[in-house]
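Accompanying notes for the structure given below.
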Amino acid sequence: MRGNGMRRFTRRGALLGTAGLLAGCEGIGDTFDSIFGERKRPLPGDRKPVLAIERPLGVDEGEGRPISLPSAEPMSDWPQAGGTLDHSPGNPALGFPLAEVWRTSVGTGSAYRRRLVAPPIVAADTVYAMDAYGLVTALEAGSGRRRWELDTRPEKERDGALGGGCAFADGVLYVTTGMAEAMA
Numbered sequence: 003m004r005g006n007g008m009r010r011f012t013r014r015g016a017l018l019g020t021a022g023l024l025a026g027c028e029g030i031g032d033t034f035d036s037i038f039g040e041r042k043r044p045l046p047g048d049r050k051p052v053l054a055i056e057r058p059l060g061v062d063e064g065e066g067r068p069i070s071l072p073s074a075e076p077m078s079d080w081p082q083a084g085g086t087l088d089h090s091p092g093n094p095a096l097g098f099p100l101a102e103v104w105r106t107s108v109g110t111g112s113a114y115r116r117r118l119v120a121p122p123i124v125a126a127d128t129v130y131a132m133d134a135y136g137l138v139t140a141l142e143a144g145s146g147r148r149r150w151e152l153d154t155r156p157e158k159e160r161d162g163a164l165g166g167g168c169a170f171a172d173g174v175l176y177v178t179t180g181m182a183e184a185m186a
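Using our numbering, read the sequence shown as starting at 3 and increasing by one per residue.
Structure, rendered in structure tokens:
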């Protein structure tokens, strides 16, 4: 019996204490002003939003230069995310008309607790891809036939490998994982 009454008293005390604290919040600004100094008053004048568009978007009449692109060049390898070191592959040539050559699964995709963030790469006639669990798959570029798979997760790890990716240089595949590991 005694514990039940004590619990009721504790709840009432907590509620009354919270109400008292909230009632005192109205004057708290004055307290902070006295501690940190007086609030600064805004400068007089008209205010304009920084990002307001005063004129509609369009072509600048003063710019009469033609747009020129570099000539399209075939790019058989895409050895890292972004294609090249500076993520500027130029103007890669595409075979027209574009058509699906093959399709296959490379593992588990994104879901609520895991993300597929590593884009596939192409090097030495092989497509390398990493799924949301860190499974690296090598596929033959021409046919999509699976060459090999490597599970990069540590033993007893069930969750997805947040992050990671693949890159290819000088005949070596480099893989980083979301578990702070780098492999070659």
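Glycine is no exception: its CB is placed at the ideal position from the N, C-alpha and C atoms.
Query: In terms of residue numbering, what span does the beta strand (DSSP E) encompassing alanine 125 cover?; Result: 123-125
Query: Which same chain residues, not among the five before or five after tryptophan 80, have their C-beta less than 6 angstroms away from its C-beta?; Result: Ile123 and Val124
Query: Could you check the C-alpha separation between valine 174 and proline 121 for me, to the nearest Å?; Result: 18 angstroms
Query: Assign leucine 100 to one of three DSSP states: helix, strand, or coil.; Result: coil
Query: Should the segment 128-142 be called in touch with the segment 84-100, which here means at least 3 C-beta pairs below 8 angstroms?; Result: no
Query: Fully enclosed by the segment 152-180, which alpha helix (DSSP H) runs are 4 residues long or longer?; Result: none
Query: Quick check on the DSSP output: what are the complete beta strand (DSSP E) runs of length 3 or more inside the segment 58-142, in order along the chain?; Result: 123-125, 128-132 and 137-142
Query: Determine the direct distance from the alpha carbon of proline 91 to that of proline 76, and round the result to whole angstroms.; Result: 11 angstroms
Query: Bridge partners of alanine 186, per DSSP?; Result: Bridge partners of alanine 186: none, in fact.
Query: Is arginine 148 helix, strand or coil when you go by DSSP?; Result: strand
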